[in-house]
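Engineer:
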Amino acid sequence: MTPETTPGSPPALVLRGVSRSYGGSTAVAGLDLTVPAGSFYGLVGPNGAGKTTTMSMIAGLLRPDRGEIQVAGIDLARNPRAAKAMLGVLPDRLRTFDRLTGRQLLYYYGVLRGLKPGVVSQRIADLARAFDLTEALGRVVSDYSAGMTKKVMLAGAMIHSPRLLVLDEPFEAVDPVSSANILEILSAYVARGGTVLLSSHGMDLIERVCTRVAVIVGGQLLAEGTVDEVRGEMTLEQRFVELSGEATSMEGLEWLHTFSD
Ligand code: ATP
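For the sequence shown, the residue numbers in the UniProt record's numbering are 1 to 261.
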């Protein structure tokens with residue numbers, strides 16, 4: 001048993017009563033969530049459910065209106081530096097310093113996290129090999145494809161070996177071979193006591209890799225538990241559709257089948 005999973009060590013992440021509105025509209029409504037250390041935790045929900053808002057608050061990029069967030073027992077609002085040091089974050093929009101080359105970007109990710117330059121250089125080489133980016137390191141990130149940009153930012157999120165990785169849609173736009181590589185890297189990280197919280201629309205993937213899953217709809221937690229507990233007798237996708245409510249109606253789209261040519 002690793003120290004991280006011994007009984008009595010704090011969960012990797014705790015949210016209590018976390019809420020956030022934009023103007024008058026509520027995006028996240030009193031969310032309670034506990035992510036045990038050493039878990040591979042999936043956050044799922046339909047478009048606009050509040051996943052990115054939740055992850056941005058965990059990452060310290062957005063302040064909750066109410067509620068508290070603890071990372072490995074450290075209160076994010078009271079002690080942001082210590083809490084953020086535990087975190088590696090892949091944000092949803094891939095906005096980054098894209099005039100830098102991949103190597104420069106990863107270098108700055110590393111030194112800004114307090115690593116020594118020699119250590120950073122070694123880790124850049126290791127990460128580039130793992131993410132199949134070695135050839136691309138000398139090119140500016142603005143010339144990368146969407147999947148390559150995601151991979152370099154994911155590498156950047158890992159460079160300081162954080163305890164918790166918060167990954168918003170890490171597999172979106174990533175090819176199947178790279179996805180399998182990334183999954184292998186993340187699984188090994190979790191097996192050694194790291195914790196991954198990821199959002200995804202890929203129910204198969206969540207079902208395959210996650211130990212626990214939370215379903216949020218309309219900013220509220222509708223189901224949480226091990227993947228088996230949440231899906232019950234159904235597939236996760238069926239359960240997800242059930243929890244997300246009615247499928248969108250096709251009514252009113254008859255004109256689409258009239259073909260105007
Ligand atoms: P998706 O699966 O489509 O990425 P999501 O679950 O990540 O969706 P959020 O991006 O958290 O959902 O959005 C939750 C709600 O908050 C939506 O209604 C969205 O329109 C709203 N919202 C998100 N960001 C902003 C913003 N910056 N300003 C105003 N409203 C916002």
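Just so you know, even glycine gets a beta-carbon here, dropped at the ideal spot from N, CA and C.
1. CA-CA distance, residue 99 and residue 172?
2. Would you mind sorting residue 169 into buried or exposed? The rule is 16 or more other CB atoms within 10 Å of its CB.
3. Just the Cα atoms here: how many angstroms apart are residue 160 and residue 72?
4. Please state if the CB of residue 37 and the CB of residue 195 are separated by a distance shorter than 8 Å.
5. Examine ligand 1 and report whether any of its heavy atoms sits within less than 7 Å of the Cβ of residue 51.
6. State yes or no: is the C-beta of residue 47 nearer than 7 Å to some heavy atom of ligand 1?
7. Measuring only from the beta carbon, is residue 22 closer than 7 Å to any heavy atom that is part of ligand 1?
8. Tell me the residue span of the beta strand (DSSP E) that contains residue 192.
9. Measuring CA to CA, which of 213, 202, 154 is closest to residue 186?
10. Cα separation between residue 256 and residue 243?
11. Touch check for the stretch 40-47 and the stretch 207-217: three-plus C-beta pairs under 8 Å?
12. Should residue 149 go down as buried or exposed, given a rule of 16 or more other Cβ atoms within 10 Å for buried?
13. Which residues in the same chain as residue 167 place their Cβ atom closer than 6 Å to its Cβ, once the five residues preceding and following it in sequence are excluded?
14. I'd like to know whether the C-beta atoms of residue 102 and residue 137 end up nearer to each other than 8 Å.
15. I'd like to check one pair, residue 183 with residue 209: are the Cβ atoms closer than 8 Å?
16. Excluding five sequence neighbours on each side, which residues of the same chain lie with their C-beta closer than 8 Å to the C-beta of residue 203?
17. Give a single yes or no on whether residue 59 has its beta carbon closer than 7 Å to a heavy atom of ligand 1.
18. Verify the contact flag: residue 37, CB atom, against every heavy atom of ligand 1, threshold strictly below 7 Å.
19. Which word fits residue 253, buried or exposed, when buried means at least 16 other C-beta atoms lie within 10 angstroms of its C-beta?
20. Going by beta-carbon coordinates alone, are residue 86 and residue 74 separated by less than 8 Å?
21. Based on the DSSP output, what are the partners of residue 70 in its beta bridges?
22. Report yes if the C-beta of residue 173 is less than 7 Å from at least one heavy atom of ligand 1; otherwise report no.
Structural biologist: Based on what the coordinates show:
1. Here residue 99 refers to the residue found at position 99 when the sequence shown is read from its first residue. Here residue 172 refers to the residue found at position 172 when the sequence shown is read from its first residue. Those two C-alpha atoms are separated by around 23 Å.
2. To locate residue 169, count along the sequence shown from 1; it is residue 169. Result: buried.
3. Position 160 of the sequence shown, counted from the first residue, corresponds to residue 160. Position 72 of the sequence shown, counted from the first residue, corresponds to residue 72. If I take the Cα positions, the gap works out to 16 Å.
4. On the sequence shown, position 195 is the one that residue 195 refers to. On the sequence shown, position 37 is the one that residue 37 refers to. Going by C-beta atoms, residue 195 is nearer than 8 Å to residue 37.
5. Start at 1 with the first residue of the sequence shown, and residue 51 comes out as number 51. Checking the Cβ of residue 51 against ligand 1 gives yes.
6. Mapped onto the sequence shown, residue 47 falls at position 47. The answer is yes for residue 47.
7. Within the sequence shown, the letter at position 22 stands for residue 22. Result yes, Cβ under 7 Å from ligand 1.
8. Within the sequence shown, the letter at position 192 stands for residue 192. Segment: none, residue 192 is in no beta strand (DSSP E) and carries neither H nor E.
9. Position 186 of the sequence shown, counted from the start, is the residue given in the question as residue 186. Of the candidates 213, 202, 154, the one whose C-alpha sits nearest the C-alpha of residue 186 is 154.
10. Translated into the one-based positions of the sequence shown, residue 256 becomes position 256. Translated into the one-based positions of the sequence shown, residue 243 becomes position 243. Their Cα atoms are separated by approximately 29 Å.
11. yes
12. Taking the sequence shown and counting its residues from 1, the one referred to as residue 149 is at position 149. Per the 10 Å Cβ criterion, buried.
13. In the sequence shown, counting from the first residue as 1, residue 167 sits at position 167. Answer for residue 167: 90, 198, listed in chain order.
14. Within the sequence shown, residue 102 is the residue found at index 102, counting from 1. Within the sequence shown, residue 137 is the residue found at index 137, counting from 1. A contact, by the Cβ cut-off of 8 Å.
15. Residue mapping note: residue 209 aligns to position 209 of the sequence shown, counting from 1. Residue mapping note: residue 183 aligns to position 183 of the sequence shown, counting from 1. Taking 8 Å as the Cβ cut-off, residue 209 and residue 183 qualify as a contacting pair.
16. For the purposes of this step, residue 203 is taken as residue 203 along the sequence shown, with counting starting at 1. The answer, listed in chain order, is 44, 235, 236, 237, 240.
17. As a first step, residue 59 is located in the sequence shown; it is residue number 59 there, counting from the start. Flag unset: Cβ of residue 59 not near ligand 1.
18. As a first step, residue 37 must be located in the sequence shown, where it is residue number 37. False, no ligand heavy atom lies under 7 Å from that Cβ.
19. By 1-based counting over the sequence shown, the position of residue 253 is 253. Under this definition residue 253 is an exposed residue.
20. To locate residue 86, count along the sequence shown from 1; it is residue 86. To locate residue 74, count along the sequence shown from 1; it is residue 74. Cβ distance < 8 Å, so residue 86 and residue 74 count as in contact.
21. What you label residue 70 is simply residue 70 of the sequence shown in a count that begins at 1. 14, 75, per the DSSP bridge assignment.
22. Position 173 of the sequence shown, counted from the first residue, corresponds to residue 173. For ligand 1, not one heavy atom lies less than 7 Å from the Cβ of residue 173.
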